[in-house]
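First residue of the first sequence: 1, per UniProt numbering; consecutive thereafter.
Backbone N, C-alpha and C define an ideal beta-carbon position, used for all residues, glycine too.
Everything below concerns the one structure shown next.
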Amino acid sequence: MAYWLMKSEPNKFSWDQLIAKGEAGEEWDGVRNYLARNNMREMALGDQVFFYHSNIGLEVVGIAEVCALSHPDSTTDDPRWDCVDIRAVKPLPQPVSLKEIKATPDLSDMSLVTSMRLSVQPVKPEEWALVCRMGGLEQG
DNA sequence: GCCAACGTTGGC
DNA sequence: GCCAACGTTGGC
């Protein structure tokens with residue numbers, strides 16, 4: 001099982017909206033970046049995903065999981081772009097902000113810090129565990 | 001709203 | 001294949 005982090009601007013698509021989608025989840029369309037797309041192509045069913053609010057909030061608000069493997073992005077005819085579907089698993093009792101992440105030495109290597117603009121990024125198991133703990137979850 | 005970072009595009 | 005121009009992202 002792998003771990004990831006996906007960003008969304010809450011005024012476009014928020015965590016609450018993902019929860020509202022329920023079991024079916026939501027197609028993670030609109031990604032037009034090769035690295036982000038490649039990451040999605042590597043995802044497996046059940047992979048765990050941090051849901052991060054960019055622009056407004058600037059915090060990891062919940063945990064989602066991959067519920068459909070990479071498939072063509074339905075919002076474009078361009079065959080280059082694929083995406084996965086994700087669904088909400090559970091919110092973090094205490095959202096973990098970018099500020100906290102930056103202030104945590106063990107997380108200074110996170111893609112969120114080093115590759116600020118990448119919208120779909122891998123998370124290391126130890127980073128996952130730490131952010132979960134900071135967010136008030138015993139295990140990820 | 002501004003601007004830096006950075007990815008993509010397109011002319012040569 | 002290089003590189004300048006341009007567009008987008010996202011923190012501040």
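Problem set entry | Residue range of the unbroken beta strand (DSSP E) whose run includes MET6 | 3-8
For this session: In the DSSP assignment, find the unbroken alpha helix (DSSP H) run with ARG80 in it and report its ends.
Result: Careful: ARG80 lies outside any alpha helix (DSSP H) and carries neither H nor E.
For this session: Please classify SER70: is it buried, with 16 or more other beta-carbons within 10 angstroms of its beta-carbon, or exposed?
Result: buried
Problem set entry | Three-state secondary structure assigned by DSSP to LYS12 | coil
Exercise. The beta strand (DSSP E) with LEU130 in it runs from where to where?
Worked result: Premise fails: LEU130 lies in the alpha helix (DSSP H), 125-134, not in any beta strand (DSSP E).
For this session: To the nearest angstrom, report how far apart GLU138 and GLY57 are at their CA atoms.
Result: 23 Å
Exercise. Excluding sequence positions up to five away, which residues of its chain have a Cβ less than 6 Å from the Cβ of TRP15?
Worked result: PHE51, VAL61 and GLY62
Problem set entry | Span of the beta strand (DSSP E) around SER70 | 59-72
Exercise. To which residues of the same chain is ASP29 closer than 7 Å at the C-beta, ignoring the five residues directly before and after it?
Worked result: ASP73, SER74, THR75 and CYS83
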